[in-house]
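Below: the structure, in C-alpha coordinates.
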Amino acid sequence: MLYPSIDEMMNKVDSKYSLVVASSRRARQLREGGKTLLNAPKSHKYVGVALEEIYADMIVVEPGTEEENNK
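Using the UniProt record's numbering, the first residue of the sequence shown is number 1, and each one after it goes up by one.
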(Lines of atoms letter the chains of each structure in order from A and count residues from 1; the text may use other names and numbers.)
(Lines give C-alpha, C1' and ligand atoms only; values in the text may rest on other atoms or scores of the structure.)
Protein backbone atom coordinates (compact mmCIF):
# COMPACT_ATOMS: atom_id res chain seq x y z
CA MET A 1 0.00 0.00 0.00
CA LEU A 2 1.22 3.46 -0.84
CA TYR A 3 1.85 6.01 1.87
CA PRO A 4 0.19 8.42 2.07
CA SER A 5 -2.85 7.08 0.24
CA ILE A 6 -4.63 9.15 -2.40
CA ASP A 7 -7.76 9.22 -0.22
CA GLU A 8 -5.81 10.77 2.65
CA MET A 9 -4.12 13.23 0.30
CA MET A 10 -7.43 14.44 -1.15
CA ASN A 11 -8.28 15.86 2.29
CA LYS A 12 -5.29 18.20 1.93
CA VAL A 13 -6.01 19.61 -1.55
CA ASP A 14 -9.03 20.62 -3.61
CA SER A 15 -8.27 18.44 -6.65
CA LYS A 16 -5.95 15.74 -7.94
CA TYR A 17 -4.57 18.29 -10.41
CA SER A 18 -3.51 20.57 -7.55
CA LEU A 19 -1.85 17.64 -5.81
CA VAL A 20 0.10 16.66 -8.92
CA VAL A 21 1.26 20.21 -9.63
CA ALA A 22 2.28 20.93 -6.03
CA SER A 23 4.10 17.63 -5.55
CA SER A 24 5.94 17.90 -8.86
CA ARG A 25 7.08 21.45 -8.11
CA ARG A 26 8.29 20.44 -4.65
CA ALA A 27 10.01 17.33 -6.05
CA ARG A 28 11.84 19.54 -8.55
CA GLN A 29 13.02 21.78 -5.71
CA LEU A 30 14.30 18.74 -3.82
CA ARG A 31 16.03 17.37 -6.91
CA GLU A 32 17.80 20.68 -7.44
CA GLY A 33 19.27 20.59 -3.94
CA GLY A 34 16.45 21.72 -1.67
CA LYS A 35 16.38 20.28 1.83
CA THR A 36 13.48 18.17 3.00
CA LEU A 37 11.29 19.54 5.78
CA LEU A 38 10.88 16.06 7.29
CA ASN A 39 13.20 14.58 9.89
CA ALA A 40 13.04 11.03 8.52
CA PRO A 41 11.03 10.64 5.30
CA LYS A 42 9.84 7.10 4.52
CA SER A 43 10.35 7.55 0.80
CA HIS A 44 13.71 7.78 -0.91
CA LYS A 45 12.25 9.35 -4.05
CA TYR A 46 11.68 13.07 -4.49
CA VAL A 47 7.98 12.81 -5.37
CA GLY A 48 7.35 10.54 -2.38
CA VAL A 49 9.08 12.98 -0.04
CA ALA A 50 7.07 15.86 -1.52
CA LEU A 51 3.82 13.96 -0.94
CA GLU A 52 4.86 13.17 2.64
CA GLU A 53 5.57 16.87 3.24
CA ILE A 54 2.13 17.84 1.90
CA TYR A 55 0.48 15.15 4.02
CA ALA A 56 2.32 16.39 7.14
CA ASP A 57 1.05 19.95 6.45
CA MET A 58 4.60 21.20 5.99
CA ILE A 59 3.66 22.27 2.47
CA VAL A 60 0.27 23.95 2.13
CA VAL A 61 -1.46 23.90 -1.25
CA GLU A 62 -3.62 26.99 -1.61
CA PRO A 63 -6.65 26.73 -3.91
CA GLY A 64 -6.29 28.47 -7.26
CA THR A 65 -2.55 29.12 -7.10
CA GLU A 66 -1.67 26.72 -9.93
CA GLU A 67 -3.94 28.39 -12.45
CA GLU A 68 -2.66 31.86 -11.53
CA ASN A 69 0.99 30.83 -11.94
CA ASN A 70 0.40 29.32 -15.38
CA LYS A 71 -1.21 32.43 -16.91
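All residues carry an ideal CB built from backbone N, CA and C; glycine is no exception.
Run of the alpha helix (DSSP H) containing residue i, from where it starts to where it stops
{"i": "isoleucine 6", "result": "6-9"}
{"i": "lysine 16", "result": "16-31"}
{"i": "tyrosine 51", "result": "The residue asked about is misnamed: residue 51 is leucine in this sequence, not tyrosine. Segment 46-55, the alpha helix (DSSP H) holding leucine 51."}
Cβ-based burial, residue i [other Cβ within 10 Å; buried from 16]
{"i": "serine 24", "result": "exposed"}
{"i": "glycine 40", "result": "Residue 40 is actually alanine in this sequence, not glycine. Alanine 40 comes out exposed."}
{"i": "valine 13", "result": "buried"}
{"i": "valine 20", "result": "exposed"}
Residues near residue i in its chain [Cβ-Cβ closer than 7 Å; skip 5 each side]
{"i": "arginine 26", "result": "Ala50, Glu53 and Ile59"}
Cβ pair residue i, residue j closer than 8 Å
{"i": "tyrosine 46", "j": "arginine 31", "result": "yes"}
Cβ-based neighbour list, residue i, same chain, cut-off 8 Å, excluding 5 preceding and 5 following
{"i": "glutamate 8", "result": "Tyr55"}
Chain-order list of residues whose beta-carbon lies under 6 Å from that of residue i (same chain, five-residue window excluded)
{"i": "leucine 37", "result": "Glu53 and Met58"}
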